[in-house]
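These notes concern the structure reproduced below.
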Amino acid sequence: MKVVLVNPPELIAGTENGVGFGARTFVKQVRVLPPLGLAYLAAMARRASHEVQIIDANALRLGPEEVLAKIRILAPDIVGITCVTPLFPIVTHIARQLKRLSPPPIVVVGGPQVTIMPELTAQNPAFDYAIEGEAEVSFVKLLDALSGGGPASGINGLLYRDGEGVIRSCEPEPMAVDRIPFPARDLLPNDHYFDMTTESRKASSIMTARGCPFRCSFCERYIRGGHYRPRNPESVVDELEELVNKFGCSEIVIYDDTFTASKKRAADICQKILERGLRFRWDCRTRVDCVESDLLKLMKRAGCSRISYGVESAGAAVLEQFRKNITIEQVEQAFAWTRDARIRILGYFMIGAPGEPRESIQNTIKLSLRLNPDFAYYSIVVPYPGTDMYDRALADGLIPFDYWREYVLSEGKLAEPVPMFEHGDVTREYLQETLKSAYQRFYLRPGYILKRLHSVRSISDFLWHVKMAKATVLT
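The sequence shown begins at 0 in numbering that gives the first Met the number 0 and counts up by one.
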């Protein structure tokens, strides 16, 4: 069958198209990476002899009408769209417009939104099928069934409607990660992926594991990603070698939630990179309690240029509420080890936890300045669907109604803004102003600016730093 897979555009709330999003108002992004989930789907479908194309509207900065125009030209039998909950309005808009084509393609929706709200998503008439969980095997089985004229029943994770409501075939089944072919990166617009905080700017990505062994209250990944399943280190390095030698990548993001969840496995991957003589820079995300000095030095020798750590908060009570199970002493030790290994640091910090007073919020910003990572990312705590934090906030009355369910049912046409944990003098306005102030206090320090200017090597390099400033501080 002829298949088109779509990564939808990330758009800022507005009114154009009547779906709650402006057609050309894109989110400012410091990093845009390949949609690996769709590339894995494409690889599996192509191996089963289906013809596949990918439209990465986010990387190409395509509005919904441009996406529709491309699909109209390609004239596929099947369109698969990945969806996260905040983008549900734009995804349903695209799907609904596809129904107006003659003949209309079959529309399949997948991604985190389906895993978190399977029946609610599948009941929307814009979609013919929905796939819950990891979709590689289920999607190919659906393609085979449709191309052969057979029934779609009995496919793991598949949902569809009949005359009486939503049919849920079987529970989703996590993939055996070493049985999946490498992502079909040749179908992606590889020149459009970037990371403003890297030296080469252009970047690609790889996943060396699925799932996460940790259970942070604000994160839905363990719900939709299943249990922690690491790939075989040999296979990981085979894929890294393909990225370097076939696709010419010099900057690679390891997009695991916690790359060093197993320190021994991380060391094994690094050792194999060195044995094969692969030369490229890479960065990863991990936890401060999952590193040690010798491992970090080995990672540096293998090309690691940056590590992102989730510090989250200076408050012990907030960290406990988040179920981080870390201490500030562990943060300080990990930062010291990482600096000693000459690896740059990106720190994640969150403000506005349930019941968090202003003093705690300000202490977190002070901590970020004291820790002084190379880059800092601040965010306001937003309870997202599928997280324990959201469920508990609903049960405790901190959120007056099931916001995300109503958001999906109304396709984004809610008068109420995205929920935050407001209380007393910690208002929405205070949180938003504090967030803006945090970025300015960190990135506009004279010492920090001089440090960045010393790294500038050309006019284009300087202009890139200006672009990064506009995307982070000057918004």
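All residues carry an ideal CB built from backbone N, CA and C; glycine is no exception.
Helix, strand or coil at residue i [DSSP, three-state]
| i | result |
| --- | --- |
| Ala375 | strand |
| Ser436 | helix |
| Leu10 | strand |
| Ser158 | Reading off the sequence, residue 158 comes out as Leu, not Ser. Leu158 falls in the strand class under three-state DSSP. |
| Gln112 | helix |
| Arg391 | helix |
| Leu4 | strand |
| Ile325 | coil |
| Pro33 | coil |
| Gln320 | helix |
| Lys201 | strand |
| Ala121 | helix |
| Glu219 | coil |
| Arg60 | coil |
| Phe441 | helix |
| Phe213 | coil |
| Glu331 | helix |
| Gly446 | helix |
| His191 | helix |
| Glu65 | helix |
| Glu250 | strand |
| Ala414 | coil |
Backbone CA spacing between residue i and residue j [nearest angstrom]
| i | j | result |
| --- | --- | --- |
| Thr433 | Cys248 | 38 angstroms |
| Val78 | Cys269 | 39 angstroms |
| Phe246 | Asn123 | 39 angstroms |
| Asp237 | Arg45 | 20 angstroms |
| Gly109 | Pro356 | 39 angstroms |
| Ala394 | Phe279 | 48 angstroms |
| Arg160 | Tyr447 | 56 angstroms |
| Ile327 | Arg369 | 12 angstroms |
| Trp336 | Glu64 | 49 angstroms |
| Ala56 | Val66 | 7 angstroms |
| Glu274 | Glu358 | 50 angstroms |
| Thr196 | Val243 | 20 angstroms |
| Tyr429 | Pro353 | 14 angstroms |
| Gly149 | Asp143 | 8 angstroms |
| Ile93 | Lys412 | 16 angstroms |
| Glu331 | Gln112 | 36 angstroms |
| Gly351 | Val2 | 43 angstroms |
| Phe213 | Arg300 | 28 angstroms |
| Tyr39 | Val136 | 10 angstroms |
| Lys98 | Ser409 | 19 angstroms |
| Ala41 | Tyr406 | 30 angstroms |
| Asn371 | Tyr308 | 13 angstroms |
Segment limits, alpha helix (DSSP H) that includes residue i
| i | result |
| --- | --- |
| Ser234 | Pro232 to Asn244 |
| Leu483 | Here the chain comprises residues numbered 0 to 474, so residue 483 is not present and cannot be evaluated. |
| Asp143 | Glu135 to Gly147 |
| Thr91 | Phe87 to Leu97 |
| Gln28 | Here Gln28 belongs to no alpha helix (DSSP H), and DSSP marks it neither H nor E. |
| Arg184 | Per DSSP, Arg184 belongs to no alpha helix (DSSP H) and is neither H nor E. |
| Glu274 | Lys262 to Glu274 |
| Arg300 | Ser292 to Arg300 |
Own chain partners of residue i with C-beta closer than 7 angstroms, once the 5 adjacent residues on each side are dropped
| i | result |
| --- | --- |
| Asp177 | Arg230, Asn231 and Ser234 |
| Pro382 | Met388, Tyr389, Ala392, Ile398 and Pro418 |
| Ser204 | Leu32, Pro33, Leu35, Ile251, Val252 and Tyr254 |
| Met349 | Glu311, Ser312, Ser378 and Val380 |
| Pro75 | Lys1, Val2, Val3 and Pro104 |
| Leu73 | Val3 and Gln52 |
Contacting residues, own chain, Cβ-Cβ under 8 angstroms from residue i (five flanking each side not counted)
| i | result |
| --- | --- |
| Lys365 | Ala313 |
| Leu449 | none |
| Val107 | Ile77, Val78, Gly79, Ile80, Phe126, Asp127, Tyr128, Ala129, Ile130, Phe138 and Leu141 |
| Leu61 | Pro8, Ile54 and Lys69 |
| Gln96 | Pro63 and Leu67 |
| Asp288 | Asn324, Ile325, Gln329 and Ala333 |
| Leu277 | Val236, Leu239, Glu240, Val243 and Gly302 |
Residue range of the unbroken beta strand (DSSP E) whose run includes residue i
| i | result |
| --- | --- |
| Tyr406 | Looking at the DSSP string, Tyr406 is not in any beta strand (DSSP E); the run it does join, the alpha helix (DSSP H), is Tyr402 to Leu408. |
| Tyr128 | Tyr128 to Ile130 |
| Glu311 | Cys303 to Glu311 |
| Glu358 | From DSSP, Glu358 is part of no beta strand (DSSP E) but of the alpha helix (DSSP H) over Arg357 to Leu370. |
| Arg284 | Arg280 to Thr285 |
| Arg167 | Gly164 to Arg167 |
| Asp55 | Glu50 to Asp55 |
| Val78 | Ile77 to Thr81 |
Cutoff 6 angstroms; reference residue i; Cβ partners in own chain excluding five residues on either side
| i | result |
| --- | --- |
| Asp194 | Arg30 and Ala202 |
| Val5 | Ile54 and Ile80 |
| Leu496 | Residue 496 falls outside the range modelled here, since the chain spans only 0 to 474, and no answer is possible. |
| Pro171 | Glu131, Gly132, Asn155 and Gly156 |
Residue i: CB within 7 angstroms of a non-hydrogen atom of the ligand GTP
| i | result |
| --- | --- |
| Lys1 | The ligand GTP is not part of this structure, which contains no ligands at all. |
Practice task
Give a yes or no on contact between the region 162–170 and the region 179–195, applying the rule of three or more CB pairs nearer than 8 angstroms.
Solution key: no
Problem - At least 3 beta-carbon pairs within less than 8 angstroms: the region 252–265 vs the region 277–286 - result: yes
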